[in-house]
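Notes for the one structure printed next.
Printed below as a string of structure tokens:
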């Protein structure tokens, strides 16, 4: 069964450093999402992406964040200058149509020291 | 701000009992609803989706939707210790790209 994959599973970085989190959505899906979950808190929407552009973003998704689909398979989230409060699990999700469910990847645990 | 509310629990039930998980949502225009199971440190895993008022059954799981009351629930029959997890209610946010709004989750403990 196709699944969303994410790499790395755990990323440790120093405050102020740039990180890139990678996702490979399910191949015939068209809508892509990033969510984050701070430890013990709810899953929060960051950004949605369709047709090679951002379709919606939350207040969390400020100028330090960017997304890209550099080729036909990868979907990346970049944080330019990480802060301590960026430490969280980051989940990528994809869906074929907006009526379908979203399928989540296994997540990347980002730890900012 | 669209809200999805869940009782955080923990909800403790004995093995074999029925577990009942509840969720309310604020956006009356929401059209689709999802229950995810999340084990600690893992990603959300889809349990059920429901789009119409009434009940939808899948194995030991039954989702119930009442749009007039803005209420969705999940029943787990014959609860097993392996069902112990946090259950997340997700509501499709509407608009063109339909992001999900998640509740904070209900932690379920099934005691052997």
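Chains as they are written, first to last, in this note's numbering: chain A, 2 to 114; chain B, 2 to 113.
No residue lacks a Cβ here, since even glycine has one placed at the ideal position from N, Cα and C.
Closer than 9 Å at the beta carbon, the chain A residues around residue 103 of chain B = 36, 38, 43, 44, 45 and 46
Under the three-state DSSP convention, the category residue 74 of chain A falls into = coil
Alpha helix (DSSP H) runs contained entirely in the segment 30-71 of chain A, provided each spans 4 or more residues | none
Answer yes or no: the CB of residue 41 of chain A versus the heavy atoms of the ligand FMN, is any distance below 6 Å?
-> You won't find the ligand FMN in this model; it holds no ligand whatsoever.
Does the beta-carbon of residue 68 of chain A have 16 or more other beta-carbons within 10 angstroms, so that it is buried, or is it exposed?
-> buried
Please look up how many angstroms separate the CB atoms of residue 66 of chain A and residue 5 of chain A, rounded, as I've assumed it's under 8 Å.
-> At roughly 19 Å, the Cβ-Cβ gap does not stay under 8 Å, so residue 66 of chain A and residue 5 of chain A are not in contact.
Neighbourhood of residue 61 of chain B by C-beta distance below 7 Å, restricted to the same chain and skipping five residues each side | 77, 78 and 79
7 Å Cβ cutoff met for residue 102 of chain B and residue 111 of chain B | no
Which class does residue 83 of chain B belong to by DSSP, given the choice of helix, strand or coil?
-> helix
Name the DSSP beta bridge partners of residue 8 of chain B, please?
-> Answer is none; residue 8 of chain B lacks a bridge partner.
Taking residue 22 of chain A as the reference, give the member of A:113, A:91, A:97 and A:101 with the closest Cα.
-> A:91
Given a threshold of 16 other Cβ atoms within 10 Å of its Cβ, counted over all protein chains shown, does residue 64 of chain B qualify as buried or as exposed?
-> buried
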